[in-house]
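Peer 1: So in our numbering, the last one in the sequence shown is 410, and the numbering has no gaps at all.
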Amino acid sequence: MAVRRIVANITAPDPAAAKAFYGGIFGLDVVMDQGWIVTMASDLPVAPQISFASEGGSGTLVPDLSIEVDDVEDVHRRAVEAGYEIVYDLHDEPWGVRRFFVRDPFGKILNVLQHI
Numbered sequence: 295m296a297v298r299r300i301v302a303n304i305t306a307p308d309p310a311a312a313k314a315f316y317g318g319i320f321g322l323d324v325v326m327d328q329g330w331i332v333t334m335a336s337d338l339p340v341a342p343q344i345s346f347a348s349e350g351g352s353g354t355l356v357p358d359l360s361i362e363v364d365d366v367e368d369v370h371r372r373a374v375e376a377g378y379e380i381v382y383d384l385h386d387e388p389w390g391v392r393r394f395f396v397r398d399p400f401g402k403i404l405n406v407l408q409h410i
């Protein structure tokens, strides 16, 4: 038996807002749109992962999702320019990542990170 994929499902009263946020900030593509559900993805292969945490590290709250990117400063700039709430500003962490937290249009806190 092998886990092939893990999908995060987020309650979204306006799925179109997901296209603007996740497409505009992260460059994800719409791979399915049924109107009531929009699925977005990257064309890069990824390994399924799920994390369990008592805190978010450095005294932060546990984020709802973590998204690893190849240029965290570019994503941070896009989020700020688009007016999204930065919950935890860009910071180099002692475990070897540079990250920030941003709130998506549905209230979810995203840990956006890049390994350094």
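Glycine included, C-beta positions come from ideal geometry on N, C-alpha and C.
Give me, in chain order, the residues of the same chain whose beta-carbon lies closer than 8 Å to that of Val-325; leave out the 5 immediate sequence neighbours on both sides.
Peer 2: Around Val-325: Thr-333, Met-334, Ala-335.
Peer 1: Identify whether Tyr-378 lies in helix, strand or coil by the three-state DSSP scheme.
Peer 2: Note: Tyr-378 maps to coil in three-state DSSP.
Peer 1: Between the C-alpha atoms of Ile-304 and Gly-351, what's the straight-line distance to the nearest angstrom?
Peer 2: Near 23 Å, if we compare the C-alpha coordinates of Gly-351 and Ile-304.
Peer 1: I need the straight-line Cα distance from Val-406 to Ala-376, nearest angstrom please.
Peer 2: Taking the straight line from one Cα to the other gives about 16 Å.
Peer 1: Can you give me the start and stop residues for the beta strand (DSSP E) that Ala-335 sits inside?
Peer 2: Looking at the DSSP string, the run of the beta strand (DSSP E) that includes Ala-335 is 332 to 335.
Peer 1: The alpha helix (DSSP H) that contains Pro-309, what's its start and end?
Peer 2: Residues 309 to 312.
Peer 1: Applying the criterion that 16 or more other CB atoms from any shown protein chain within 10 Å of the CB defines a buried residue, is His-385 buried or exposed?
Peer 2: Exposed, by the Cβ-count rule.
Peer 1: Roughly how many angstroms separate the alpha carbons of Val-391 and Asp-323, rounded to a whole number?
Peer 2: Each residue's alpha carbon lies about 25 Å from the other.
Peer 1: Helix, strand or coil for Glu-387? Go by DSSP, reduced to three states.
Peer 2: The answer is coil: DSSP assigns Glu-387 none of H, G, I, E or B.
Peer 1: Which residues share a DSSP beta bridge with Ile-361?
Peer 2: Ile-361 is bridged to Val-406.
Peer 1: For Phe-315, which of helix, strand or coil comes out of DSSP?
Peer 2: Here Phe-315 sits in helix by DSSP.
Peer 1: What whole-angstrom Cβ distance do Val-356 and Arg-393 have, given they're in contact under 8 Å?
Peer 2: So it is not a contact: roughly 13 Å between Cβ atoms.
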